[in-house]
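Have a look at the structure below before the remarks.
Residue numbers (the numbering used here): 4 to 251.
Laid out in structure tokens, this is it:
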């Protein structure tokens, strides 16, 4: 009987047994001062510190003063010096809170159209009767919005309806824009009412009636004439005039 063929073993070796895992070496975390390259510029990420605003304004005013001195040699026919003084006064008042210094610059710009308005504003901030009297003297016989604001200041801030009435009566004697006239009539009515001058109040309200006046306004004026002026005939005439046109 023949022998079986010999068993051939493979030449490959079995894989090695895996080793126990080894933890990686820890990284160095020591703080080491960085050395900048000579050609590199360090980055400064801090916030920029703005200079004091008051110092900037003072320096600006110094430059303006130098320009003003240069303009003093002329006659200021173009108003540049007056305009410069008004701007300086505004900066002194608003930025540096130096009201007295601002008023000094306004004295040098008396002809500027904004000078009177700034004086009135300063008087309102001051809040005294003396300051408002001084502003009124500077304003003079103004017949515009400035005079209306002055009358309102006397009436509401200082409780002086006598001074307010004098201003609004002067305004009503001149030509006014329709919108301004309506406002001035209201102010005059309030001022003379506070003074108890009912004759003037009746006169103002009667003169304010027009064909477009509403029935409520006519009735109020008629009641005023009847109650304060003892004028029943005038009150009745005003009502009949409105009824003839109402509702047309």
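We treat Cβ as the ideally placed atom computed from N, Cα and C, and that holds for glycine.
Could you tell me which uninterrupted alpha helix (DSSP H) segments, each at least 4 residues in length, are contained entirely in the region 130-194, listed from first to last along the chain? DSSP runs (the alpha helix (DSSP H)) wholly in the region 130-194: 132-142, 148-155, 164-175.
Under 8 Å, with one C-beta from each stretch per pair, do the region 215-232 and the region 182-189 reach the 3-pair mark? Judged by Cβ distances under 8 Å, the region 215-232 makes no contact with the region 182-189, as fewer than three pairs qualify.
Should residue 118 and residue 127 be called a contact, given that it needs their Cβ atoms to be closer than 9 Å? Contact: no.
Between the region 151-168 and the region 189-201, can you find at least three pairs of beta-carbon atoms closer than 8 Å? The answer is yes - the region 151-168 touches the region 189-201, with three or more Cβ pairs under 8 Å.
For my contact list, residue 138 and residue 123 are in at a C-beta cut-off of 8 Å; report their separation, rounded to the angstrom. Sure, about 5 Å apart at Cβ, within 8 Å.
Grab me the residues of residue 141's own chain with a C-beta within less than 7 Å of its C-beta, minus the 5 sequence neighbours each way, in chain order. The residues are 119, 122.
Span separating the alpha-carbon of residue 209 from that of residue 186: Distance between residue 209 and residue 186, taken at the CA atoms: about 16 Å.
Within its chain, find whatever has a CB closer than 7 Å to the CB of residue 149; leave out the 5 residues flanking it on each side and keep chain order. The beta carbon of residue 149 is closer than 7 Å to those of 119, 120, 123, 142 in its chain, skipping five residues each way along the sequence.
Distance, Cα to Cα, residue 191 vs residue 244? Cα to Cα, the separation comes out at about 25 Å.
Option nearest residue 154 by Cα separation, candidates 145, 144, 171, 146: Considering only alpha carbons, the answer is 171.
Reference residue 3; option with closest CA among 194, 202, 84, 220: With the chain running from 4 to 251 in the structure shown, residue 3 is simply not present.
Quick one, are the C-beta atoms of residue 125 and residue 89 less than 9 Å apart? No, they are not a contact pair.
Could you give the distance in angstroms between the alpha-carbon of residue 177 and the alpha-carbon of residue 146? Taking the straight line joining both Cα atoms gives about 8 Å.
What is the C-beta distance between residue 207 and residue 188, in whole angstroms, given that I count them as a contact (C-beta under 8 Å)? Contact between residue 207 and residue 188 holds, with the beta-carbon distance rounding to 6 Å and staying under 8 Å.
Just mark residue 2 as buried or exposed, buried being the case when its beta carbon has 16 or more other beta carbons within 10 Å. For the chain, the structure presents residues 4 to 251; residue 2 sits outside this window and is missing.
Under 9 Å, do residue 225 and residue 239 count as touching if we go by C-beta distance? Taking the C-beta atoms as reference points, residue 239 is found nearer than 9 Å to residue 225.
Quick check: what's the CA-CA separation for residue 135 versus residue 246? Straight across, the Cα-Cα distance linking residue 135 with residue 246 is about 47 Å.
Should residue 236 go down as buried or exposed, given a rule of 16 or more other Cβ atoms within 10 Å for buried? Residue 236 comes out exposed.
Where does residue 220 sit, in a helix, a strand or coil, going by DSSP? The answer is helix: DSSP assigns residue 220 an H, G or I state.
Less than 6 Å between C-beta atoms, sequence neighbours within five positions excluded: which residues of the same chain meet that for residue 234? Cβ neighbours of residue 234 beyond the five flanking positions: 228.
From which residue to which residue does the alpha helix (DSSP H) around residue 206 run? Per DSSP, residue 206 belongs to the alpha helix (DSSP H) from 201-211.
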